[in-house]
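A.B. asks: Let me give you the structure first, and then I'll get to my questions.
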Amino acid sequence: MIRLPSSHAAITAPLVASSTTFPGIQVGRSLLDGRPFRLSPAMTDDRVLPSTNSLALGGLGSGKSTTGKARANREIREHGHQYVVVDSFGEDTAGEWVPLTRALEGQVIEAGSFTLNPVSDLFPSEVREQLVRSLIVAVEPDALNTQAAHALQHALNHPKAVNLNGLVDALVEPEDGRWPAAELAAWGVGAAIALSRYTEGSLRGLFDGDNASLPETDLPILCFDFSRLDRNSPAIPSLMAAVACWVEHVWLPQSTAPHRHLVLEEAWQILLSPATSELIQRLLKYSRKMGLSLDVVMHTLSDLGTGPAQDLARLCEVAHVGRLGPEEAALVGALLNLPAWAIARIPALDPGQAVWKVGPDYVDIIQTVISEEEARLTDTSSRRRQAQQVLAVEQHTTESMTPAVDNDEDQDEDQDDDQGGGLFAKSEPAGDDDGEWAWEMPPNVIDVRHIEAIQAAQEGRCGEAADLAALGEREDITAYGINSDEALSWLSTRAKVAELCGDLDRAVQLRATVARMGKDVEWFEQTADDSTAPQWHRGPQPAAPELRTDDDTSSAKPRRRTWPYIAAIAALALTAGVVWQNAEDDKQKQERQDKATAYKGVSAVNLDIDGVETETLAKWSKDGRSVVLSVWIDSDEEPKFVRIDSGDQTAREAAEPLEAGQIPSPVQLEVKVPITDWSEAVRMTVAVGGPQWKKDTRAPRREIEFRPDRTAIDTETGKQLKQYYSKLF
Numbered sequence: 179m180i181r182l183p184s185s186h187a188a189i190t191a192p193l194v195a196s197s198t199t200f201p202g203i204q205v206g207r208s209l210l211d212g213r214p215f216r217l218s219p220a221m222t223d224d225r226v227l228p229s230t231n232s233l234a235l236g237g238l239g240s241g242k243s244t245t246g247k248a249r250a251n252r253e254i255r256e257h258g259h260q261y262v263v264v265d266s267f268g269e270d271t272a273g274e275w276v277p278l279t280r281a282l283e284g285q286v287i288e289a290g291s292f293t294l295n296p297v298s299d300l301f302p303s304e305v306r307e308q309l310v311r312s313l314i315v316a317v318e319p320d321a322l323n324t325q326a327a328h329a330l331q332h333a334l335n336h337p338k339a340v341n342l343n344g345l346v347d348a349l350v351e352p353e354d355g356r357w358p359a360a361e362l363a364a365w366g367v368g369a370a371i372a373l374s375r376y377t378e379g380s381l382r383g384l385f386d387g388d389n390a391s392l393p394e395t396d397l398p399i400l401c402f403d404f405s406r407l408d409r410n411s412p413a414i415p416s417l418m419a420a421v422a423c424w425v426e427h428v429w430l431p432q433s434t435a436p437h438r439h440l441v442l443e444e445a446w447q448i449l450l451s452p453a454t455s456e457l458i459q460r461l462l463k464y465s466r467k468m469g470l471s472l473d474v475v476m477h478t479l480s481d482l483g484t485g486p487a488q489d490l491a492r493l494c495e496v497a498h499v500g501r502l503g504p505e506e507a508a509l510v511g512a513l514l515n516l517p518a519w520a521i522a523r524i525p526a527l528d529p530g531q532a533v534w535k536v537g538p539d540y541v542d543i544i545q546t547v548i549s550e551e552e553a554r555l556t557d558t559s560s561r562r563r564q565a566q567q568v569l570a571v572e573q574h575t576t577e578s579m580t581p582a583v584d585n586d587e588d589q590d591e592d593q594d595d596d597q598g599g600g601l602f603a604k605s606e607p608a609g610d611d612d613g614e615w616a617w618e619m620p621p622n623v624i625d626v627r628h629i630e631a632i633q634a635a636q637e638g639r640c641g642e643a644a645d646l647a648a649l650g651e652r653e654d655i656t657a658y659g660i661n662s663d664e665a666l667s668w669l670s671t672r673a674k675v676a677e678l679c680g681d682l683d684r685a686v687q688l689r690a691t692v693a694r695m696g697k698d699v700e701w702f703e704q705t706a707d708d709s710t711a712p713q714w715h716r717g718p719q720p721a722a723p724e725l726r727t728d729d730d731t732s733s734a735k736p737r738r739r740t741w742p743y744i745a746a747i748a749a750l751a752l753t754a755g756v757v758w759q760n761a762e763d764d765k766q767k768q769e770r771q772d773k774a775t776a777y778k779g780v781s782a783v784n785l786d787i788d789g790v791e792t793e794t795l796a797k798w799s800k801d802g803r804s805v806v807l808s809v810w811i812d813s814d815e816e817p818k819f820v821r822i823d824s825g826d827q828t829a830r831e832a833a834e835p836l837e838a839g840q841i842p843s844p845v846q847l848e849v850k851v852p853i854t855d856w857s858e859a860v861r862m863t864v865a866v867g868g869p870q871w872k873k874d875t876r877a878p879r880r881e882i883e884f885r886p887d888r889t890a891i892d893t894e895t896g897k898q899l900k901q902y903y904s905k906l907f
C-alpha cells in the first residue's frame, strides 16, 4: 500500500469537491482545496440535507471516534445541543466518552449501577409491551410466537405486573381470560423462562427494580457506559432497547435543547439485534420530526451482514469514512454511491483523515482539526502509547551501551520520526513549525493592486477586477518568476475575485492549485493584532530605484516634445464618439448588473399533486450550461407512481411491494437539462399517482416553468407559485 502525506491529496484526486459552504461548527480542513470545512447538519437547509443522521466508518486508529467526540464537544459548547451516548468500548474499565462527559458536566451511567423497571407506569402501555418483547427476544429470539405474544399481553394487564418479578408470576399463574388459564400458562412458558434470566439468572439486577430510576433530561450529555459488559452478552441489546424507549418517550418530549443527538458506539452490536433494530429503525425514520440526529459509529459495514441492518445505514445522509481495506472500501463506496476517486483514496488515508459525503452530491477529503484540550479528552490510545514509550526506553538503553556512530542519514530519519506528530492536525501551531502546511509568508509591505482588484469585484465590476488581477499576476511573474510568493499571492486574489463574482467552481480550482503546490491556501486571510502581520494584500518590498549618476545624465540626448500636440488633436477627434459609446456602455452595464442581481440560480416550490406533497427544485450550474431538475417526496406520503419530464429527459419510479424488514425510502428523481444561457428558464412536468391511484391510468400532473431569479410559474394558470423556502443557498 502506498501512503501519501495529506499535502499530496489534491494531486491524487481530481478537482471535484463541491463549492457548497455548510453552516455550523468547524470540523477540519479540505485536503482538495485547502479551505475550512464546517458542518452542523441540523443547521443545514433541509433541501440540501433532508436527514441529519450520520454514519462514521473506519478501521482501528482511523480517528472516527475522535472526530465524533470533537464534533459533540463543539455542538454542545457552541450551539447548546444535547447528547445521549451509548458507549460500549473504552480503556481502564471506563468508556471512551467518559472524560468528555465529565468535562462537559454531564452524567455517566454505568451498566449495573442502575435498575430499570420496564413495566413502570412512567411508560405508556404500548411502550411497556414493546420493551418487554425486546427483552425476551434479546435472550430467546424464538420465544415469542402468536400464542406466547397473547399470553404476554394478557399478563401485562394483571394487577401483579407492576415489576418484572410480578410479570413472570402472571405468566406462570395467569387468571382466566378469553382463553382458559391452563392454556395461557402453557403459551407463556417460553416468555417466562426468557424473563427469568433478568430476575434470577446472569442478568439479574438490570430490570427487576420497582421503579424506573430514570436519569435527568436537562443535562448537556448523558453517557450510558456499557464497556464493563461482555461484548457478546444479551445485556447490551437489552439495555439498548430500554435506552431507545427512554429516549423516544421520556428524553425527547422533556428536552428543551434546540437539537438532540443519540450516539451509538460499536453500533453493529445494536443494529444486528432483532430486539433493538426495530426501535432504531423507527428513530431513524422519524428523526426529522423528532429533532433528533442518530450518529452511528462502527468499524466496517461487513459487521452488519447483508440483511436489513445495512438498509438502516442508507438512511444516514452524512457519512465520513476513514481508512479501510480495499475490499471494504469498495463495499462502502457501492452502498454510499461514492465516486471512484474517493473509493481509491480510502485505503491510503492517514489517521484523522476521512472521505466525507454530505447529502447526495458533496464529496470531499477532510483532515479533522482538534485543539490540545480536545486531544486530551478524546484520547483512546493511551495504552498503545505507553507500550511505545517502554519500547523507546529499552531502545535508548540499548543504544547507550553501544559505541556512537556518526551517521547523518540515521540522524535525519530519527528526527523525521520524532516530528511525525499525532493523529490529527492541531488547531494551534506549535512554535515555528506548522507541519506540512507551513511556508514562508510574503514580506510585510502593502500592495494596493490586490486591494483594487478586490474592491472592483465587491462593487460588481467583475470584468475589470479579473483584468486587474491578471495584469498584476503577469507583472509579478515577469519580475519575480512563476513560482514566487508574489505570483502565488495573485492566485489567492483571483480566487477571491471569482468567489465575489459568483464563480465558486473557479475559486475552488484556484485554491486547489495553491494547495497542490504545498502552500496554505488560507494564508492570505490570516491577520494578527500587530501591524506587522502578513495579510493577503501584502507583497514584497519593491526594490528601491537606483539613483542616476551625473555621467548618465549628461549622456542623455534631449528629445523634441511633439507627441503632446498630436495626442491632443487625436483626443479632440474622438471625444464625440467616446461620449456616446460610454453612455451606451453604461446602459448595458446597468442592465447586466440588474440581471445579475436578480439571478439566484435556484428555484424551489411545493406542489400538491393527487393528495401528495411534492417538493420540486431547479438548480442552475455555475457555468450556465445545464439545469438539474429534481423532485423529492417523503415516504410517509406513500406515492404509487412518480414521473418527471423536461425536453427529452425523463425519470420515473413506481412503488413496489416492500419485503419483510425493508424500510420505505423517499422518492428522489432528477434530470439534467442543457441550456444555452445562464438566465434561461426551463420547464418540467411532474406526474404523481397518490395512494388511491390505479395502475394503467393517467396520473395527475402539473407543468412548472422555473426561472433562475427564484420564481416559478404554473404554465396552465399563468400564476406565480410561492417559493418553498425564503433563504436560498
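Sequential numbering of the sequence shown, starting at 179, is according to the working numbering.
Cβ coordinates follow ideal geometry from the N, Cα and C atoms, glycine included.
Is the segment 220-237 touching the segment 365-375 in the sense that three or more CB pairs, one from each, lie closer than 8 Å?
C.D. replies: Flag = no, the segment 365-375 and the segment 220-237 do not touch.
A.B. asks: For the alpha helix (DSSP H) that ARG213 lies in, which residues bound it at each end?
C.D. replies: What you label residue 213 is simply residue 35 of the sequence shown in a count that begins at 1. It is not in any alpha helix (DSSP H) - ARG213 carries neither H nor E in the DSSP assignment.
A.B. asks: Which residue from ARG311, ALA507 and ASP473 puts its Cα closest to that of LEU417?
C.D. replies: Here the question's residue 417 lines up with position 239 in the sequence shown. Looking at the Cα atoms, ARG311 is the closest of the given residues.
A.B. asks: Would you mind working out which of PRO817, ARG861, ALA833 and PRO852 sits nearest SER824, comparing C-alpha positions?
C.D. replies: Position 646 of the sequence shown holds residue 824. Among PRO817, ARG861, ALA833 and PRO852, the Cα nearest to that of SER824 is on ARG861.
A.B. asks: For the beta strand (DSSP E) holding THR794, just list the boundary residues, first then last.
C.D. replies: Mapped onto the sequence shown, residue 794 falls at position 616. 790-798 is the extent of the beta strand (DSSP E) around THR794.
A.B. asks: List the residues that DSSP assigns as beta-bridge partners of TRP534.
C.D. replies: Position 356 of the sequence shown, counted from the start, is the residue given in the question as residue 534. Beta-bridge pairing links TRP534 to HIS498 and ASP542.
A.B. asks: Kindly list the residues whose CB is nearer than 7 Å to the CB of ASP584, restricted to its own chain and excluding five residues on each side of it in sequence; keep chain order.
C.D. replies: As a first step, residue 584 must be located in the sequence shown, where it is residue number 406. Bear in mind that the predicted position of ASP584 carries a pLDDT of just 41, short of 50, making it too unreliable to give a figure here.
A.B. asks: For the alpha helix (DSSP H) containing PRO398, name the first residue and the last one.
C.D. replies: Translated into positions along the sequence shown, residue 398 becomes position 220. Per DSSP, PRO398 belongs to no alpha helix (DSSP H) and is neither H nor E.
A.B. asks: Work out the CA separation of ASP812 and TYR540 for me, nearest whole Å.
C.D. replies: Numbered from its first residue, the sequence shown carries residue 540 at position 362. Numbered from its first residue, the sequence shown carries residue 812 at position 634. Cα to Cα, TYR540 sits roughly 21 Å from ASP812.
A.B. asks: By Cβ distance, which residues of its chain are closer than 6 Å to ARG739, with the 5 residues on each side in sequence left out?
C.D. replies: In the sequence shown, the residue the question calls residue 739 occupies position 561. Summary for ARG739: the model assigns pLDDT 48, below 50, so the residue's position carries little reliability; its value from the coordinates is reported in the next sentence. If we look at ARG739 and ignore the five residues flanking it on each side, it has no Cβ neighbours.
A.B. asks: When DSSP labels each residue in this structure, what does ALA327 get in the three-state scheme?
C.D. replies: The count along the sequence shown starts at 1 and reaches residue 327 at position 149. In this structure, ALA327 counts as helix in the three-state DSSP scheme.
A.B. asks: Three-state secondary structure (DSSP) at TRP519?
C.D. replies: On the sequence shown, position 341 is the one that residue 519 refers to. Note: TRP519 maps to helix in three-state DSSP.
A.B. asks: Answer yes or no: do LEU909 and LEU479 have a C-beta to C-beta separation smaller than 8 Å?
C.D. replies: Coverage of the chain is limited to positions 179 through 907, which leaves residue 909 absent and any answer about it impossible.
A.B. asks: Just to confirm, are ILE853 and ARG888 a CB contact at a threshold of 8 Å?
C.D. replies: Residue 853 sits at position 675 when you count from the first residue of the sequence shown. Residue 888 sits at position 710 when you count from the first residue of the sequence shown. It is not a contact, given that the beta carbons lie outside the stated cut-off.
A.B. asks: Near LEU461, which residues of its chain fall below 8 Å by C-beta distance, leaving aside the five closest residues on each side in sequence?
C.D. replies: The residue given as residue 461 occupies position 283 in the sequence shown. Correct list, in chain order: ALA422, VAL425, GLU426, LEU440, MET468, LEU470 and LEU472.
A.B. asks: To which residues does DSSP link TRP810 through a beta bridge?
C.D. replies: The residue given as residue 810 occupies position 632 in the sequence shown. In the DSSP output, where bridge partners are listed per residue, TRP810 has GLU793 and GLN846.
A.B. asks: Cβ of VAL675 within 8 Å of Cβ of ALA631?
C.D. replies: If you number the sequence shown from 1, residue 675 lands on position 497. If you number the sequence shown from 1, residue 631 lands on position 453. Closer than 8 Å, so yes.
A.B. asks: Can you give the Cα-Cα distance for ASP347 and SER374, rounded to whole angstroms?
C.D. replies: By 1-based counting over the sequence shown, the position of residue 347 is 169. By 1-based counting over the sequence shown, the position of residue 374 is 196. So the two alpha carbons sit approximately 10 Å from each other.
A.B. asks: Assign GLU495 to one of two classes, buried (16 or more other C-beta atoms within 10 Å of its C-beta) or exposed (fewer than that).
C.D. replies: Taking the sequence shown and counting its residues from 1, the one referred to as residue 495 is at position 317. By the neighbour-count rule (16 or more Cβ atoms within 10 Å), GLU495 is buried.
A.B. asks: Do VAL352 and ALA363 have their C-beta atoms within less than 8 Å of each other?
C.D. replies: Position 174 of the sequence shown holds residue 352. Position 185 of the sequence shown holds residue 363. Checking the sequence, you will find Pro at residue 352 rather than Val. Yes, these two residues count as a Cβ contact at 8 Å.
A.B. asks: For ARG821 and LYS872, I'd like the C-alpha separation in whole angstroms.
C.D. replies: The count along the sequence shown starts at 1 and reaches residue 821 at position 643. The count along the sequence shown starts at 1 and reaches residue 872 at position 694. Looking at the two C-alpha atoms, the distance is approximately 15 Å.
A.B. asks: By the 10 Å Cβ neighbour count, where 16 or more other Cβ atoms means buried, how is THR893 classified, buried or exposed?
C.D. replies: The residue you call residue 893 lines up with position 715 of the sequence shown. By the 10 Å Cβ count, THR893 comes out exposed.
A.B. asks: Quick one: what's got a C-beta closer than 6 Å to LYS900's C-beta in the same chain, skipping five residues either side?
C.D. replies: Counted from its first residue, the sequence shown places residue 900 at position 722. Result list for LYS900: empty, nothing under 6 Å.
A.B. asks: Mind the definition here: the segment 273-292 touches the segment 250-257 only if three or more C-beta pairs lie below 8 Å; say whether that holds.
C.D. replies: Flag = yes, the segment 273-292 and the segment 250-257 touch.
A.B. asks: Thinking C-beta only, is VAL805 closer than 8 Å to LYS797?
C.D. replies: The residue you call residue 797 lines up with position 619 of the sequence shown. The residue you call residue 805 lines up with position 627 of the sequence shown. Going by C-beta atoms, LYS797 is nearer than 8 Å to VAL805.
A.B. asks: Using the Cβ count rule (16 or more neighbours within 10 Å means buried), how would you classify ASP403?
C.D. replies: Within the sequence shown, residue 403 is the residue found at index 225, counting from 1. Buried, because 16 or more other Cβ atoms sit within 10 Å of the Cβ of ASP403.
A.B. asks: Just to confirm the assignment, what range does the beta strand (DSSP E) spanning ARG885 have?
C.D. replies: For the purposes of this step, residue 885 is taken as residue 707 along the sequence shown, with counting starting at 1. Looking at the DSSP string, the run of the beta strand (DSSP E) that includes ARG885 is 879-885.
A.B. asks: Measuring CA to CA, which of GLN636, LEU795, PRO842 and GLY789 is closest to PRO886?
C.D. replies: Position 708 of the sequence shown, counted from the start, is the residue given in the question as residue 886. Comparing Cα-Cα distances from PRO886 to each of GLN636, LEU795, PRO842 and GLY789, the minimum goes to LEU795.
A.B. asks: Out of curiosity, what's the CA-to-CA distance linking VAL264 and GLY241?
C.D. replies: To locate residue 264, count along the sequence shown from 1; it is residue 86. To locate residue 241, count along the sequence shown from 1; it is residue 63. Approximately 18 Å between the Cα atoms of the pair.
A.B. asks: Taking DSSP's pairing of strands, which residues face GLN204 in a bridge?
C.D. replies: The residue given as residue 204 occupies position 26 in the sequence shown. GLN204 is bridged to ARG216.
A.B. asks: Report buried or exposed for LYS897, applying the criterion of at least 16 other Cβ atoms within 10 angstroms of its Cβ.
C.D. replies: Position 719 of the sequence shown, counted from the first residue, corresponds to residue 897. Result: exposed.
A.B. asks: Rank ALA829, GLN827 and GLY789 by C-alpha distance to the C-alpha of ASP814 and give the top, closest one.
C.D. replies: Within the sequence shown, numbered from 1, the residue matching residue 814 stands at position 636. Residue GLY789 is the option with its Cα nearest to ASP814.
A.B. asks: Determine, using beta carbons only, whether HIS437 and ALA220 come nearer to each other than 8 Å.
C.D. replies: As a position in the sequence shown, residue 437 is number 259, starting the count at 1. As a position in the sequence shown, residue 220 is number 42, starting the count at 1. Cβ distance < 8 Å, so HIS437 and ALA220 count as in contact.
A.B. asks: Let's see if you can read the secondary structure: which residues bound the beta strand (DSSP E) around ASN784?
C.D. replies: Residue mapping note: residue 784 aligns to position 606 of the sequence shown, counting from 1. 780-787 is the span of the beta strand (DSSP E), which, as asked, contains ASN784.
A.B. asks: So, do the segment 875-884 and the segment 835-851 have three or more beta carbon pairs nearer to each other than 8 Å?
C.D. replies: Output reads no: the segment 835-851 does not touch the segment 875-884.
A.B. asks: DSSP state of ASP663, grouped into three classes?
C.D. replies: For the purposes of this step, residue 663 is taken as residue 485 along the sequence shown, with counting starting at 1. Correct three-state label for ASP663: helix.
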